[in-house]
Amino acid sequence: MQKKIRIGDLLIQHRVITEQQLKAALAEQKRSGRKLGKTLIDLGYLSEDALLDFLSRQLAIPFIDLKTFQLDPATARRLPETHARRFRTLILKETEAEFLVGMADPTDIFAFDELTRILPKPVREAVVREADLLASIDRIYRRTKEINNLAEELDEEIGEDDFDLAQLAADTESANAPVVKLLQTLFEDAVQVQASDIHIEPDENVLRVRQRVDGVLQEHVMKEKRIAPALVLRLKLMAGLNISEKRLPQDGRFNIKVKGRSIDVRVSTMPIQHGESVVMRLLDQAAGILDLTQLGMPDEVRRRFERLIAYPHGMVLVTGPTGSGKSTTLYAALNRLNQVEQKVITVEDPVEYRLPRVNQVQVHERIGLTFARVLRAALRQDPDVVMVGEMRDQETAEIGLRAAVTGHLVLSTLHTNDAVTTAIRLIDMGAESHLLAASLRGIVAQRLMRRICQSCCADYSPSAQERSWLVAVLGADEAAELCLFAGKGCTHCNNSGYRGRVGVYELLEVDAAMADALRRADQAEFARAAAASAGYRPLTHAALDYAKAGVTTLAEVFRVAGAIDESFLALPIETGDEGG
406 MQKKIRIGDL LIQHRVITEQ QLKAALAEQK RSGRKLGKTL IDLGYLSEDA LLDFLSRQLA
466 IPFIDLKTFQ LDPATARRLP ETHARRFRTL ILKETEAEFL VGMADPTDIF AFDELTRILP
526 KPVREAVVRE ADLLASIDRI YRRTKEINNL AEELDEEIGE DDFDLAQLAA DTESANAPVV
586 KLLQTLFEDA VQVQASDIHI EPDENVLRVR QRVDGVLQEH VMKEKRIAPA LVLRLKLMAG
646 LNISEKRLPQ DGRFNIKVKG RSIDVRVSTM PIQHGESVVM RLLDQAAGIL DLTQLGMPDE
706 VRRRFERLIA YPHGMVLVTG PTGSGKSTTL YAALNRLNQV EQKVITVEDP VEYRLPRVNQ
766 VQVHERIGLT FARVLRAALR QDPDVVMVGE MRDQETAEIG LRAAVTGHLV LSTLHTNDAV
826 TTAIRLIDMG AESHLLAASL RGIVAQRLMR RICQSCCADY SPSAQERSWL VAVLGADEAA
886 ELCLFAGKGC THCNNSGYRG RVGVYELLEV DAAMADALRR ADQAEFARAA AASAGYRPLT
946 HAALDYAKAG VTTLAEVFRV AGAIDESFLA LPIETGDEGG
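FYI, in the numbering used here the residues of the sequence shown are 406 to 985.
Below, the structure is given as structure tokens:
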């Protein structure tokens, strides 16, 4: 406490804060129990970097930016995870003489004394940002060893010949059962690395557990293949599925608390050659629904999209493959439209986020509660806005289009590659062309591209094939001046060269020329009118804008372009040392 008061006095002495601000911060600290530095930052009296720079100078210790510092995970794990989290500290470097440790609060005498007692060498402090420190702890202290140990324990419990399904079902009610602890650890590990999905896949001789991080699967292989039925059984029980049915796919969901956060888990099981595969999609309810300004849309695209959803009637579609962020965009739009004066009804399968004031309906195909049936009922409920999870068939599309021309704003999704082919796809599905021309307002096509890891970002020289493609798309002059970047791979990005994702968007607003082409079902003319329309920028060019800005790599641009431009698929691409 004396140390904290001295820091406060030093901040006043050096005119970083005022006496009134210190008094207010101390009062708030007494109420909240937070550290003084955190309180001062939260109250807006100074920034975190300003405080850390001040502490660095006053204590004569270095300030280290963990975003660019190359950590050695093995060295960092010399300090047990419990101590790292408790004291907000991390071993950054080890020399023959000492340990360099990063601390979020280098004035914490108790933490420093404990570190000197625990570690076998003298400790030298450095100050680091707390958020970066906690993110580094999550990356370094993975649950791999714990998962392996629990898998072995469960394998031993099952035994060679005494596997009893009924007995295991009863045992799983215990929180200390190995299968329960193993699943809890798997979820904790997935949440730590911000995985969006967990895949449990029994193979002939091993069990593969894969996590999708930033859109890419990372694999963990276990030799204890026999534990797969126990894991699948427990997950079925949690999701309320039929544990005796192994021949048919099943879908369910459950909620689990992980590290104090409420995680909604969507479960899908499928019979495969060596058992049952389970895929779980993780949805962090605490993360909340994004606002349109948080999606990462370029300002011009966002303003045009906001104008589209402000219309009192018509249809707006969001399109892209599975996992491209369509639902996130739709929920952000609903969040904007969710006002007291508007009745909003959604028809979903499944309901992903719960929205206050919005009437959300879960489709149940098995009992006849289909998209089309719910949509018909919804239109009798006097809605202003209707969101249909997906245009799956002709009947749903027809009802949605008729609703859009009779005074309702209809939002929905479709699985197509780009905005232009979306309207054509609806015609192929059997939608009446005159209805489509009268109701379709606009289409957003989107993808998620991986961001370059800023900790290992470096200049990148494209290969001859890549440069030929750039010349064809941009022209020789612009391609020659292009500066590109890629990640080399480091501990911060699991040696992938990427960290995080960014959305790339293509927005097509249907004008009179396009509507006329749709009315005549002239697909070629619609494509020409779309290409010539004001403000239309294809996904490939939008993706290239991010590469020019150093946000993503050329390889990611090719991944987006390859799915859209069929002529590009024949072009051999060398990714060089892009990593990942």
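We put the CB at the ideal spot given by N, CA and C, even for glycine.
In this text the structure is predicted, and so the values were computed from the model without any measurement.
Runs of beta strand (DSSP E) with 3 or more residues, each lying fully within the stretch 468 to 554, are found at 494 to 499, 504 to 508, 528 to 532, listed in chain order. Within the same chain, Lys630, His679 come within 8 Å of Asp608 by CB-CB distance, once the 5 residues on both sides are set aside. Considered as a whole, the stretch 883 to 970 harbours 889 to 892, 903 to 914 as its complete beta strand (DSSP E) runs of no fewer than 3 residues, in chain order.
Per DSSP, Tyr865 lies in no alpha helix (DSSP H); the unbroken beta strand (DSSP E) holding it starts and ends at 862 to 865. The beta carbon of Ile832 is closer than 8 Å to those of Ser838, Leu841, Leu923, Ala926, Gln928 in its chain, skipping five residues each way along the sequence.
In this chain, the beta strand (DSSP E) harbouring Glu606 covers 602 to 607. Under the three-state reduction of DSSP, Thr423 is assigned to coil, being neither helix nor strand.
About 7 Å separates the beta carbon of Leu739 from that of Val763, a gap short enough to meet the 8 Å contact definition. Under the three-state reduction of DSSP output, Ile417 falls in the helix class. For Gly657, the secondary structure class from DSSP, reduced to helix, strand or coil, is strand. Lys472 places its beta carbon less than 9 Å from that of Asp537.
Within the stretch 789 to 869, the complete alpha helix (DSSP H) segments of 4 residues or longer fall at 799 to 809, 824 to 833, 838 to 844, listed in chain order.
Ranked by Cα distance from Thr423, the first of Gly449, Gly438, Lys435, Ser437 is Gly449. The three-state secondary structure of Lys662, taken from DSSP, is strand.
DSSP places Glu593 in the uninterrupted alpha helix (DSSP H) bounded by 583 to 597.
Following the DSSP letters along the chain, one finds Asn647 in no alpha helix (DSSP H), marked with neither H nor E. Inclusion of Leu640 and Val683 in the CB contact set at 9 Å is warranted, their separation being smaller than that value. In the DSSP annotation of this structure, Asp619 is not part of any beta strand (DSSP E), being labelled neither H nor E.
In its chain, beyond the 5 residues on either side, Asp619, Gly620, Leu853, Met854, Arg855, Arg856 have a beta carbon closer than 8 Å to the beta carbon of Arg906. DSSP places Glu681 inside the beta strand (DSSP E), whose first and last residues are 680 to 689.
A residue is called buried once 16 or more other Cβ atoms fall within 10 Å of its Cβ, and Leu416 is buried on that count. Separation of Ala966 and Gln767 (C-alpha to C-alpha, rounded to the nearest whole angstrom) is 35 Å. Beta-bridge annotation (DSSP): Glu753 is paired with Gln767.
For Val779, there is no enclosing beta strand (DSSP E); the enclosing alpha helix (DSSP H) has its first and last residue at 776 to 784. Exclusion of the five residues before and after Glu795 leaves Thr818 as the residues of its chain whose Cβ lies within less than 6 Å of its Cβ. Distance from the Cα of Ala430 is smallest, within the candidate group His419, Lys443, Gln418, Val421, for Lys443. Residue pairing by DSSP places Arg613 opposite Glu606, Val626 in a beta bridge. Around Val723, the same chain offers Lys731, Thr734, Leu735, Thr818, Val849 as residues with beta carbons nearer than 6 Å, after the five sequence neighbours per side are excluded. Here Thr727 carries a coil assignment [DSSP, helix/strand/coil]. Taking 8 Å as the upper bound for CB-CB distance, Leu555 and Lys586 are in contact here, some 5 Å apart. By the neighbour-count criterion, in which a residue is buried when 16 or more other Cβ atoms sit within 10 angstroms of its Cβ, Ser452 is exposed. Within the DSSP secondary-structure output, Val672 pairs in a beta bridge with Gly657, Met685. In the three-state reduction of the DSSP assignment, Ser452 falls in the coil class, being assigned neither a helical nor a strand state. For Val721, DSSP records a beta bridge to Leu816, Gly847.
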